[in-house]
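Structure first, then comments.
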Amino acid sequence: MIHIDAYFDEATNTVTYLLEDTATKHAVLIDPVMDYEPHRAELKTLSVDRILSAVRTRDLHLAWVLDTHAHADHLSAADYVRAETGAKVGIGAKITSVQKLFRPVFNATDVCPEGAVFDALFEDGDDIAFGSTSIKVMHTPGHTPACVTYLVEDAAFVGDTLFMPDYGTARADFPGGDARTLYQSIQKILALPPETRIFVGHDYLPDSRDAVAWESTVAEQRNANIHLQAKDEDSFVEMREARDATLKAPRLILPSLQVNIRGGALPPAEADGQTYLKLPINRI
480 MIHIDAYFDE ATNTVTYLLE DTATKHAVLI DPVMDYEPHR AELKTLSVDR
530 ILSAVRTRDL HLAWVLDTHA HADHLSAADY VRAETGAKVG IGAKITSVQK
580 LFRPVFNATD VCPEGAVFDA LFEDGDDIAF GSTSIKVMHT PGHTPACVTY
630 LVEDAAFVGD TLFMPDYGTA RADFPGGDAR TLYQSIQKIL ALPPETRIFV
680 GHDYLPDSRD AVAWESTVAE QRNANIHLQA KDEDSFVEMR EARDATLKAP
730 RLILPSLQVN IRGGALPPAE ADGQTYLKLP INRI
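Taking the numbering used here, I'd label the letters of the sequence shown as residues 480 to 763.
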């Protein structure tokens with residue numbers, strides 16, 4: 480049986496999941512967050528250290544750190560967790576197309592667009608060994624080309640593709656994103672058994688709700704998601720593109736992308752020994 484703990488990061492509205500296979504005490508971490516204060520360019524590890532403390536207290540063997548995609552709203556702590564625990568880092572295989580998109584944006588000549596910074600690149604349908612069970616990978620692009628959903632037992636970890644039913648769906652206006660592709664990916668998720676539990680990557684707490692939430696079901700998404708009441712694919716695309724045209728870029732998009740295409744690692748230090756993040760002018 481898989482035990483799931485959720486950790487909500489208030490600064491980025493991100494939900495990180497710690498999965499434990501209770502039969503073997505093997506664990507997997509999905510979408511860990513590195514704390515970043517942009518005004519001082521200050522990195523801390525308080526959020527992820529809280530999770531790693533739980534891993535150690537429960538004497539878990541952390542086998543994998545999995546990102547659902549290259550996030551544009553927070554810095555991944557995947558590389559830090561790998562260094563601290565020896566866990567392997569994995570992501571969808573289409574991360575290579577995201578690396579190719581953003582390597583020239585940041586003049587990131589150290590980034591090899593073959594995904595070499597990751598320990599594993601997962602294709603649609605791949606199985607990831609996890610204790611006494613396995614995790615199935617489902618490619619669900621649209622928000623970004625590299626988005627994947629991780630399926631284990633009756634749970635689906637969908638990243639940003641879906642939010643809670645009262646908040647809707649992911650934006651699809653990032654480079655490489657596509658509203659029509661997003662719709663088709665959502666239909667793949669909604670084709671799962673209706674009782675499948677959906678665990679989302681963010682919750683932005685709409686005015687209609689008093690507490691953050693991150694779990695729903697396929698049936699609840701199908702019946703109540705405010706963005707899925709459109710009659711057909713074209714109607715969804717029209718709605719999604721119109722909404723995206725009104726959205727601002729995420730607050731941490733520039734630091735996030737240049738770190739996350741490196742698997743959560745910082746750019747290499749320059750000649751003075753200092754590491755820098757870049758602000759490319761008029762490129763995004």
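Backbone N, C-alpha and C define an ideal beta-carbon position, used for all residues, glycine too.
Note on the stretch 556-616: whole alpha helix (DSSP H) runs with a minimum of 4 residues are 557-564, 574-581, in chain order. The beta carbon of K504 sits closer than 8 Å to the beta carbons of R537, D538, L539, H540, G610 from its chain, once the five residues preceding and following it are set aside; these are given in chain order. Excluding five sequence positions before and after F636, the CB atoms of its chain that fall closer than 7 Å to its own CB belong to Y496, I509, T547, T628, Y629, F678, given in chain order. Under the three-state reduction of DSSP output, K667 falls in the helix class. DSSP places L736 within a helical segment (H, G or I) once states are collapsed to three. For I483 and L726, the gap between their C-alpha atoms comes out near 32 Å.
If you look at F636, you'll find it in the beta strand (DSSP E) that goes 634-638.
The C-beta of T588 has fewer than 16 other C-beta atoms within 10 Å across all chains shown, which makes the residue exposed.
With respect to the C-alpha of L525, the residue from K615, A490, A506 having the closest C-alpha is A490. For the set A658, L731, T696, E694, the Cα lying nearest the Cα of A724 is the one of A658. Scanning its chain for C-beta atoms nearer than 8 Å, with the 5 sequence neighbours on each side dropped, one finds around R529 the residues Y486, in chain order.
For D652, same chain residues with a beta-carbon under 6 Å away, outside a window of 5 residues either side, are D723 in chain order. The beta carbon of A566 sits closer than 8 Å to the beta carbons of L508, L541, A542, W543, V544, V560 from its chain, once the five residues preceding and following it are set aside; these are given in chain order. The three-state reading of DSSP puts I760 in coil, since its state is none of H, G, I, E or B. Using a 10 angstroms sphere on the CB of T675, the tally of other CB atoms reaches 16 or more, which defines it as buried.
Here F653 carries a coil assignment [DSSP, helix/strand/coil]. Non-local beta-carbon contacts of A709 in its own chain, meaning distances under 7 Å to residues more than five positions away in sequence, involve F715, M718 in chain order. For L531, there is no enclosing beta strand (DSSP E); the residue is found in the alpha helix (DSSP H) stretching over 525-536. Closest in C-alpha terms to A557, from the list R519, F597, Y646, D682, comes F597. Secondary structure note for A703: its alpha helix (DSSP H) is the uninterrupted segment 697-703. A direct Cα-to-Cα measurement between L669 and V631 gives close to 16 Å.
The closest CA to that of M513, considering only L498, D552, V534, is found on D552. E563 is the residue among S664, E563, E720 whose C-alpha sits nearest the C-alpha of S532. Each residue's CA atom was taken as its position, placing T575 and D603 some 14 Å apart. When rounded, the separation of the alpha-carbon atoms in E699 and A692 is 13 Å. By the Cβ-count criterion, H706 is buried, with 16 or more other Cβ atoms from all chains shown falling within 10 Å of its own Cβ.
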